[in-house]
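Trainee: With positions in the sequence shown counted from 1, the corresponding number in this note's numbering is that position plus 40.
A virtual CB, placed ideally from N, CA and C, is assigned to each residue, including glycine.
Just passing along the structure, written as C-alpha cells.
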Amino acid sequence: MNACRRWLVSLIILVISYTIHAIDNPHFYRALRFWDEPRFERPWLNSWQLNAGFATTRHSRNPHGSIAPLWDIIGPQNLQFLGTNVPNLDPANPIDQLLIDVAALPVRTTFGNVSFNGEFALFEIIGECYQNIINGFFFQAYLPLLRSLTVSNINFTDLSPDDNEFPNKNTPAWQNLLSGFGTILNRYHIMIPNTMHRTGIGDLSFLAGWASTYQETHVLDFVDVSAKIGVLFPTAATASFHHPFELPLGYNGHFGLPLKFDCSLGAYGWITIGFHQGALFLFKRAQHILLKTTAQQNGFILLAHEKVTIDPGTIWEIGTYAKADHVVRGLSLYAGYSFTKHDNSTLEVENSNFDIDIINHDERFNGWDMHTFHVSAEYDFADSLVDLGPRIGIWFNIIIGGRRIFNAHLFDSLFGLECLWQF
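Put into C-alpha cells, the structure is as follows:
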C-alpha cells in the first residue's frame, strides 16, 4: 500500500503541478540555461556545480518575432514626439525648441523613427549547491557568482523617408534635432555611452525541496520527481534610468518566489524522458524610471521620469527533454526544448501629470517569450553513486523563436561533484 501511495502521489504531482525552475536564469537578453534534472533521493547527498557560459549577438527578435537590430527589440525609436507633453519643456530654450519644431511637423509613416544598433556580450559563472537531509528533503543555494554584461557600438540609423514628400529625411527641423540630439540628452540627464560594461553577482536564491524515486514498476525503470520552493533575494546591481540601454545584473531589485517541479521517467536501462515546469513570482517595487508622455512615443529613450511602483509580472517556464544515459561508459547525451514567458508589467504612479493608460501601454513593459532548443553532452566519472563523483558537460542553448528578446544563443559548460556524508 505504501508503494501504491507513493506512485499515486508522484502521478498527481506530475499531472496537476504548475510550478517551477525559474531562479536567476530566465532573462530576455540570452537563451535559457537548461534546468536541473530531478534531485536524487539519497540521505545526506551533497552536490556542487559550477556553470560557465557566454553569449554574443548583434540582433534581437522584435514584437513580431522577426530578427531586427539589437535595440529594435521593441520596435524603432520614435523621436518626432520625444518632447511632447514633457513637464517643464521651455520654448525659450533653443534645445527644447528643437523638440517643439519637430513635433509640429505633419505625421508621416516612419518619419522621425530611428533604429538603434549595438553589440551585446555576456559571460557568467553560476554556483549551485544541494544538500540532502532525510526522507527526500533537501536544500539548495543558487547564485550567479559572476555576471558580466557588455553593450557596445550603440548607434542609430535614420528610418525617415528619403523622397520628395514632406516631411522627409532632409527636412531642416529634423536635421537640426539629429545634430543636436546629444545636447538634448545632456539637458535631460540621459547618457548613452558608446560602451557600457557591468560586472557583479546576480540574485541569490535559497530553496527547500522534496524528492522521490519510485522503482517498483514492471513497465518503467524508475520515476523520479522533485519539487522546490524558495526565496530570491535582489543581491544584483540594478539599472539606472539615466542610462536607457543599461541592463540590470538580476531582476532589477525585485524580490522573488521561485517554484520548481521536475519529473523523469526511465526505460530500457538507458532512455530517460524528463518534464519541467517552473515560475518565478516577482514582487512590486518602487523605483525611478523614464515614462512615456504621449501614446505616439516608442523606445527606450524618453525625457520624463518619475517614481513609480512596478509589478513586474511572473516568469513561466515549461520544458521537456530526452536523455541517452551512459551510452558509452559515463557519456550521456541530452536534447530538449523549453518555452519561457514573462507576463506584462504593470505600473502605478501617483503623479497626476502622467496618464496611467499611456504609461501602461509601453512596449518596454510588455512581456517577452522565448523558444529554446537545448543539446548537451555530459560525462560522469563515477560508475555508480559513490562517495565522490565528478562530472563535466557542455550545453548549447539555441534560441529558435520569441518576441522582445535578444537573439543571443548561450554556450554553457559545467563541472559537478557529488559527495556522500556518512553518519
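1) What did DSSP end up calling N204 once you bin it into helix, strand or coil?
2) What whole-angstrom Cβ distance do L357 and S378 have, given they're in contact under 8 Å?
3) According to DSSP, is E418 part of a helix, a strand, or is it coil?
4) Could you tell me whether the stretch 289-309 touches the stretch 80-87, using the rule of 3 or more Cβ pairs below 8 Å?
5) Count the other CB atoms within 10 Å of the CB of T470; is the residue buried (16 or more) or exposed (fewer)?
6) Give the single residue among D76, L320, F177, A95 whose Cα lies nearest to the Cα of N437.
7) Over the uninterrupted alpha helix (DSSP H) stretch that includes Q137, give me the two end residues.
8) P146 and Q137: beta carbons closer than 8 Å?
9) I'd like to check one pair, I135 with I224: are the Cβ atoms closer than 8 Å?
10) If I measure Cβ to Cβ from I232 and keep anything under 8 Å in the same chain, skipping five residues before and after, which residues do I get?
11) Which residue spans inside the stretch 296-356 form an unbroken beta strand (DSSP E) run of at least 3?
12) Leaving aside the five residues before and after I399 along the sequence, list all residues of the same chain whose C-beta is less than 6 Å from its C-beta, in chain order.
13) When the distance is taken between beta carbons, is D243 closer than 8 Å to D64?
14) If contact is defined by three or more beta carbon pairs under 8 Å, each pair taking one atom from either stretch, is the stretch 109-118 in contact with the stretch 171-178?
15) Counting pairs of Cβ atoms below 8 Å between the stretch 302-317 and the stretch 350-370, do you hit three or more?
16) Just checking my contact of G152 with L90 at CB under 8 Å: how many whole Å lie between their CB atoms?
17) Please work out which residues of its chain come closer than 8 Å, Cβ to Cβ, to Y8, disregarding the five sequence neighbours upstream and downstream, and give them in chain order.
18) Can we say the stretch 439-448 touches the stretch 406-416, given the rule of at least three CB pairs closer than 8 Å?
19) To the nearest angstrom, how far is it from the Cα of G370 to the Cα of H401?
20) In this structure, does DSSP put V426 in helix, strand or coil?
21) Tell me whether D427 is buried or exposed, calling it buried when 16 or more other Cβ atoms sit within 10 Å of its Cβ.
22) Quick check on the DSSP output: the alpha helix (DSSP H) that includes A213 runs from which residue to which?
23) Taking D397 as part of the beta strand (DSSP E), name the residues at either end of that continuous run.
24) Considering just the uninterrupted stretch of the beta strand (DSSP E) at P20, what are its terminal residues?
25) Hey, how far is the Cα of F160 from the Cα of A279?
26) Using the beta-carbon count (16 or more within 10 Å), is N420 buried or exposed?
27) What is the C-beta distance between N273 and I329, in whole angstroms, given that I count them as a contact (C-beta under 8 Å)?
28) Please tell me whether T354 and K324 are closer than 8 Å, where the distance is taken between their beta carbons.
29) Sort S245, V368, L85, A335 by Cα distance to A181 and report the nearest one.
30) Looking at the unbroken beta strand (DSSP E) that takes in L371, where does it start and where does it end?
31) Which residue wins for smallest C-alpha separation from P109, given the options H258, L199, V142?
32) So L289 is in the beta strand (DSSP E); what residue range does that whole segment cover?
33) Looking at the secondary structure, which residues open and close the beta strand (DSSP E) in which R404 lies?
34) Roughly how many angstroms separate the alpha carbons of W461 and T239, rounded to a whole number?
35) Can you name, in chain order, every residue of its own chain whose Cβ lies under 6 Å from the Cβ of Q255, other than the five neighbours on each side?
36) Could you check whether I230 and T275 sit closer than 8 Å to each other, using their CB atoms as the reference points?
Mentor: Considering the structure as presented:
1) Taking the sequence shown and counting its residues from 1, one reaches residue 204 at position 164. Looking at N204 - three-state DSSP - the assignment turns out to be coil, as it is neither helix nor strand.
2) Taking the first residue of the sequence shown as 1, we reach residue 357 at position 317. Taking the first residue of the sequence shown as 1, we reach residue 378 at position 338. Contrary to the premise, residue 357 reads as Glu rather than Leu in this sequence. Right, the Cβ-Cβ distance comes to about 6 Å (below 8 Å), so this counts as a contact.
3) By 1-based counting over the sequence shown, the position of residue 418 is 378. In the structure shown, E418 sits in a strand (DSSP, three-state: E or B).
4) no
5) Residue coverage of the chain in this structure runs from 41 to 463, which leaves residue 470 outside it and unanswerable.
6) Within the sequence shown, numbered from 1, the residue matching residue 437 stands at position 397. Selected option, being the one with the closest Cα: A95.
7) Here residue 137 corresponds to residue number 97 of the sequence shown, with the count starting at 1. From DSSP, the alpha helix (DSSP H) with Q137 extends over 134-143.
8) Along the sequence shown, read from residue 1 onward, the residue named residue 146 stands at position 106. Along the sequence shown, read from residue 1 onward, the residue named residue 137 stands at position 97. Taking 8 Å as the Cβ cut-off, P146 and Q137 do not qualify as a contacting pair.
9) Translated into positions along the sequence shown, residue 224 becomes position 184. Translated into positions along the sequence shown, residue 135 becomes position 95. Yes.
10) Stepping through the sequence shown from its first residue, residue 232 is reached at position 192. Only I194, L225, H283, P284, F285, I341 meet the Cβ criterion.
11) 296-307, 311-322, 325-331, 344-351
12) The residue you call residue 399 lines up with position 359 of the sequence shown. Result list for I399: L331, K332, L387, in chain order.
13) Mapped onto the sequence shown, residue 64 falls at position 24. Mapped onto the sequence shown, residue 243 falls at position 203. Contact: yes.
14) no
15) yes
16) Mapped onto the sequence shown, residue 152 falls at position 112. Mapped onto the sequence shown, residue 90 falls at position 50. Actually they do not touch by this definition, with Cβ atoms about 48 Å apart.
17) The first residue shown for the chain is 41 and the last is 463, placing residue 8 beyond what the model contains.
18) yes
19) On the sequence shown, residue 370 is found 330 positions in, with the first residue counted as 1. On the sequence shown, residue 401 is found 361 positions in, with the first residue counted as 1. Computed Cα separation, rounded: 52 Å.
20) Here residue 426 corresponds to residue number 386 of the sequence shown, with the count starting at 1. The predicted model places V426 with a pLDDT of 47, which falls under 50 and marks its position as unreliable, so this point remains unresolved.
21) Here residue 427 corresponds to residue number 387 of the sequence shown, with the count starting at 1. Bear in mind that the predicted position of D427 carries a pLDDT of just 49, short of 50, making it too unreliable to give a figure here.
22) Locating residue 213 in the sequence shown gives position 173, counting from the first residue. Here the alpha helix (DSSP H) through A213 covers 212-219.
23) Residue numbering aside, residue 397 sits at position 357 when the sequence shown is read from its first letter. Note, D397: premise wrong, no beta strand (DSSP E); alpha helix (DSSP H) at 396-399.
24) Nothing about residue 20 can be read from this structure; the chain reaches only from 41 to 463.
25) As a position in the sequence shown, residue 160 is number 120, starting the count at 1. As a position in the sequence shown, residue 279 is number 239, starting the count at 1. Their backbone Cα atoms lie some 16 Å apart in a straight line.
26) What you label residue 420 is simply residue 380 of the sequence shown in a count that begins at 1. According to the sequence as given, residue 420 is Asp; it is not Asn. It counts as buried.
27) As a working mapping, residue 273 is identified with position 233 in the sequence shown. As a working mapping, residue 329 is identified with position 289 in the sequence shown. Reading off the sequence, residue 273 comes out as Phe, not Asn. Contact doesn't hold; Cβ gap of about 22 Å is too wide.
28) For this step, residue 354 is matched to residue 314 along the sequence shown. For this step, residue 324 is matched to residue 284 along the sequence shown. No, the Cβ-Cβ distance between T354 and K324 is not below 8 Å.
29) Counting from 1 along the sequence shown, the entry for residue 181 is found at position 141. Residue S245 is the option with its Cα nearest to A181.
30) As a position in the sequence shown, residue 371 is number 331, starting the count at 1. Residues 371-382.
31) On the sequence shown, position 69 is the one that residue 109 refers to. For the residues H258, L199, V142, the minimum Cα distance to P109 belongs to L199.
32) Counting from one through the sequence shown, the residue named residue 289 turns up at place 249. That residue, L289, is in no beta strand (DSSP E); it is neither H nor E in DSSP.
33) Your numbering for residue 404 matches position 364 in the sequence shown. That residue, R404, is in no beta strand (DSSP E); it is neither H nor E in DSSP.
34) In the sequence shown, the residue the question calls residue 461 occupies position 421. In the sequence shown, the residue the question calls residue 239 occupies position 199. Going by the C-alpha atoms only, they are around 35 Å apart.
35) Working through the sequence shown from its first residue, we reach residue 255 at position 215. So the list reads F262, once near-sequence residues are dropped.
36) For the purposes of this step, residue 275 is taken as the residue at position 235 of the sequence shown. For the purposes of this step, residue 230 is taken as the residue at position 190 of the sequence shown. Not closer than 8 Å, so no.
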